[in-house]
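Numbering (the working numbering), first residue to last: 1271 to 1366.
Built from N, CA and C at the ideal position, the CB exists for glycine as well.
One structure is given below, encoded as structure tokens.
Here is the structure:
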């Protein structure tokens, strides 16, 4: 079943909810854990956690339970994702 509906402007919107506040989720957050200094390298990606814009910003701005290094990594990823062009025509061909 499709987890999207059409809003008043005719755009598709997700019905998926943030796992922290139940508002509509704009992101899915996953973690990649890799071994360091071990060959062959082992990696595992976690299951995703659906999260809304407000909750993700709260995590990287002010949650005292999250170490500063993790907050900074999340902030950089969020900022990079939101500053990237959304129009496929604007990206270089090597990224398509």
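Skipping 5 residues on each side, what residues in its chain have a beta carbon closer than 7 Å to that of residue 1295?
-> Here residue 1295 has 1284, 1286, 1287, 1288, 1320, 1321, 1322 as same chain residues with Cβ atoms under 7 Å from its own Cβ, once five neighbours each way along the sequence are excluded.
How long is the line joining the alpha carbons of residue 1343 and residue 1331, rounded to whole angstroms?
-> About 11 Å.
Outcome for residue 1329 when other beta-carbon atoms lying within 10 angstroms are tallied against a minimum of 16 | Classification for residue 1329: buried.
In the structure shown, what three-state DSSP assignment does residue 1325 receive?
-> Three-state DSSP puts residue 1325 in a helix.
Going by C-alpha distance, which of 1351, 1352, 1310, 1326 is nearest residue 1340?
-> Of 1351, 1352, 1310, 1326, the residue nearest in Cα terms is 1326.
Tell me which same chain residues have a C-beta within less than 7 Å of the C-beta of residue 1361, skipping the five on either side of it?
-> With a pLDDT of 47 at residue 1361, under the threshold of 50, the predicted position of this residue should be treated as unreliable, though the coordinate-derived value follows. Excluding positions up to five away in sequence, the list reads 1355.
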